[in-house]
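Trainee: Counting in our numbering, the sequence shown runs from 646 upward without gaps. Below are the structure tokens for one structure; questions will follow.
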Amino acid sequence: DRTIPQLSVATKALAARARARDAINSRTGPPKYLLHTMAAFHGLAGKIRGIVESDEFDLGSIKEPFAAAQLVSSAFGTPFDAPLAEMVRATLVVGAGKANRQKYDASLQKWVVAALKDAGYADDKSATCDFAAAGSFKTQHDTGRNLFFVHVFPRCSQKTAAAVDDDAATATDPAALSREHLLVAAELPTFSRTVSKKCASWTSKKRLLDALRGVRAQFAAADEKLMRREALDDDEQALYEIGSTDDLDEKLKTLLAACKAMVDAGQLTRLEKAAALEQMRERLDALPAGAAKKRSNVSENLAALEERDVSSWKPPKLEHDAAIRALQTKLAPLSALEKSAGGGKLLSVSDAARLGEKPDLEERIAKLVEASRGWYESDEELAERLKPLQDHFAKLKAKHSAPAPRKADSGWSTAGGSRGGRKPAARGAFKPSRGGGGGFAALGD
646 DRTIPQLSVA
656 TKALAARARA
666 RDAINSRTGP
676 PKYLLHTMAA
686 FHGLAGKIRG
696 IVESDEFDLG
706 SIKEPFAAAQ
716 LVSSAFGTPF
726 DAPLAEMVRA
736 TLVVGAGKAN
746 RQKYDASLQK
756 WVVAALKDAG
766 YADDKSATCD
776 FAAAGSFKTQ
786 HDTGRNLFFV
796 HVFPRCSQKT
806 AAAVDDDAAT
816 ATDPAALSRE
826 HLLVAAELPT
836 FSRTVSKKCA
846 SWTSKKRLLD
856 ALRGVRAQFA
866 AADEKLMRRE
876 ALDDDEQALY
886 EIGSTDDLDE
896 KLKTLLAACK
906 AMVDAGQLTR
916 LEKAAALEQM
926 RERLDALPAG
936 AAKKRSNVSE
946 NLAALEERDV
956 SSWKPPKLEH
966 DAAIRALQTK
976 LAPLSALEKS
986 AGGGKLLSVS
996 DAARLGEKPD
1006 LEERIAKLVE
1016 ASRGWYESDE
1026 ELAERLKPLQ
1036 DHFAKLKAKH
1046 SAPAPRKADS
1056 GWSTAGGSRG
1066 GRKPAARGAF
1076 KPSRGGGGGF
1086 AALGD
């Protein structure tokens, strides 16, 4: 009598898991609370309106201005319905360099920009992924990827603190799951792209690896309960609905290969190299004496890493490096102005108004820095990546703080003086002569 109900629970869990994974991974269906949005907006526009984190969309299939206008109107014509915990950026790929130029219409970027302006969006070159930028866009040519982008910051509302707390308290909604669970639900290409962006360093990849191994243990525990025909609790059921042990094992293998590739390429800081060496030594000590082949492989890798020079490796740049540098360029002269005011110099009304912008610029930079923090990145590791930006800002401040070069005192030129080498006039010789020379005549040269 107990067998049929328990088998039914397992079957329902597998079916629910498949449905949830298909909805999340294919991105054709958003989390549960966005289903009403998808009913009104289909296709690419629906996918854009369903994002809960920044994402990229290729518009290579759009070949007519009407299609571009229709997409923009459907995707951005009205504010996003669901409040967001964090601001999102919809990156529209609208062009490419020589290799892929034929894929995109030459006027695609103009069509998209015109449609965004018609929808009331503002062109803001300094826009960042912040709720203050909602309703704006900016264009970019990514020279590294040789692609042309239009970054759109959609009109949307921010979740209240209470709503965010509610989401964190109920992990049954895929949109409220932790970053590890979101990676469990993602397809492998999305998983790899997210890891590359959010866990750029070897250290952060290793921390993610440990976290996902913990999730793998949760899957194993849930599997054992199902084998014993025991009911899963709410957390286990939510986990079982978004992934599987097979998918997670494949992702763990991919992540482990990415960590090994960074070690082999010497893409480590000195501290990371020391940590990697320590891990290899611990692994070598843990291997039994009879595992000769494994011990030999670990010993070879250990020796190779000890000889590998990592002094030239620099930590990855911050995600918002360019935007921060642009704001620093605006902030540097204000810092110099503030310093001069601190020395007792009276400021004009216009300078005082300019100086009032300084706190806002500093706050925007601080938000961009925090938004650039990688997953599992400590304050010390973030500070290390901030050093190039700190050096850049120090140079800008030094440039604006340096006294302006003194101009040579030309004075009044003497009557009949030569064009090539005017000499300063004698004190009091400000009155132009009636002859053909004099200072005013020189100004007219």
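Using N, Cα and C, we set each Cβ at its ideal position, and we do this for glycine too. For clarity, every value in this text was computed on a predicted model and none was experimentally measured.
Quick one: residues in its chain with C-beta nearer than 6 Å to the C-beta of ALA685, no 5 flanking neighbours on either side, listed in chain order?
Mentor: At ALA685 the pLDDT is 35, less than 50, meaning the model places this residue with poor confidence; the figure from the coordinates comes in the next sentence. Within the same chain, ALA685 has no close Cβ partners at all.
Trainee: Quick one: measure Cβ to Cβ for THR784 and VAL758, integer angstroms, because I've assumed they're closer than 8 Å.
Mentor: That belief holds up - the Cβ atoms of THR784 and VAL758 are roughly 7 Å apart, short of 8 Å.
Trainee: Going by the CB atoms, is the gap between PHE725 and SER802 shorter than 9 Å?
Mentor: Their beta carbons are under 9 Å apart, which means SER802 touches PHE725 by this criterion.
Trainee: Do we get a CB-CB distance below 9 Å when we pair LEU901 with the residues of chain C?
Mentor: The structure shown contains no chain C, having only a single protein chain.
Trainee: Taking the beta carbon of ASP1005 as the centre, do at least 16 other beta carbons fall within 10 Å, making it buried, or is it exposed?
Mentor: Burial call: exposed.
Trainee: Determine which residues share a DSSP beta bridge with GLN803 and list them.
Mentor: Looking at the DSSP assignment, GLN803 forms a beta bridge with LEU729.
Trainee: Grouping DSSP H, G and I as helix and E and B as strand, with all else coil, what is GLN785?
Mentor: Looking at GLN785 - three-state DSSP - the assignment turns out to be strand.
Trainee: Quick test of your reading: TRP958 and CYS844, contact by CB under 8 Å. State the CB separation rounded to the nearest angstrom.
Mentor: The pair is not a contact, with the Cβ atoms about 16 Å apart (cut-off 8 Å).
Trainee: Take ALA744 and list the residues in its own chain whose beta-carbon comes closer than 8 Å to its own, dropping the five residues that flank it on each side.
Mentor: Excluding sequence neighbours, ALA744 sits near ASN791.
Trainee: Do SER718 and ASP763 have their beta-carbon atoms positioned less than 9 Å apart in this structure?
Mentor: Cβ atoms of ASP763 and SER718: closer than 9 Å.
Trainee: Given ILE707, which residues of its chain have a CB within under 8 Å of its CB, disregarding the five upstream and five downstream residues?
Mentor: So the qualifying residues of the chain are ALA713, LEU716, ASP750, LEU753 and TRP756.
Trainee: Residue range of the beta strand (DSSP E) that ASP868 falls in?
Mentor: Counting along the chain, ASP868 falls outside any beta strand (DSSP E), though it belongs to the alpha helix (DSSP H) covering 847 to 872.
Trainee: So which of PRO1033, VAL943 and LEU1041 has the shortest CA-CA distance to ARG928?
Mentor: Taking only the C-alpha atoms, the option nearest ARG928 is VAL943.
Trainee: Please return the same chain residues whose Cβ sits closer than 6 Å to the Cβ of THR773, not counting the five positions on each side in sequence.
Mentor: The residues are ALA968 and LEU1013.
Trainee: Nearest CA to the CA of LYS1003: which residue from SER993, ASP930 and PRO978?
Mentor: The candidate whose alpha carbon is nearest that of LYS1003 is PRO978.
Trainee: List the whole-angstrom C-beta distance separating LEU963 from LEU1034, where the pair is believed to meet the contact cut-off of C-beta under 8 Å.
Mentor: Yes, LEU963 and LEU1034 are in contact; Cβ-Cβ is about 7 Å, under 8 Å.
Trainee: CA-CA distance, THR835 and PHE798?
Mentor: Roughly 21 Å between the two C-alpha positions.
Trainee: Is GLY765 buried or exposed, if buried means 16 or more other CB atoms sit within 10 Å of its CB?
Mentor: Under this definition GLY765 is an exposed residue.
Trainee: Where does LYS692 land, buried or exposed, given buried means 16+ other C-beta within 10 angstroms?
Mentor: Looking at its Cβ environment, which holds 16 or more other Cβ atoms inside 10 Å, LYS692 is buried.
Trainee: Is ARG672 helix, strand or coil when you go by DSSP?
Mentor: Only weak support is given to the placement of ARG672: the predicted model assigns it a pLDDT of 42, under 50, and the question is left unresolved by the model.
Trainee: Whole angstroms are fine: how far does the CA of LEU922 sit from the CA of ARG953?
Mentor: If I take the Cα positions, the gap works out to 11 Å.
Trainee: Would you mind reading off the limits of the alpha helix (DSSP H) that contains VAL697?
Mentor: Here VAL697 belongs to no alpha helix (DSSP H), and DSSP marks it neither H nor E.
Trainee: Between which two residues does the beta strand (DSSP E) carrying LEU792 extend?
Mentor: Its beta strand (DSSP E) spans residues 792 to 798.
Trainee: Assuming ASP1092 and PHE776 are in contact, meaning their beta carbons sit under 8 Å apart, how far apart are those beta carbons, in whole angstroms?
Mentor: Since the first and last residues shown for the chain are 646 and 1090, residue 1092 lies out of range.
Trainee: Quick check on the burial criterion: 16 or more other C-beta atoms within 10 angstroms. Buried or exposed for ALA831?
Mentor: That one is buried.
Trainee: Give the DSSP-derived three-state secondary structure of ALA778 in the structure shown.
Mentor: Helix at ALA778.
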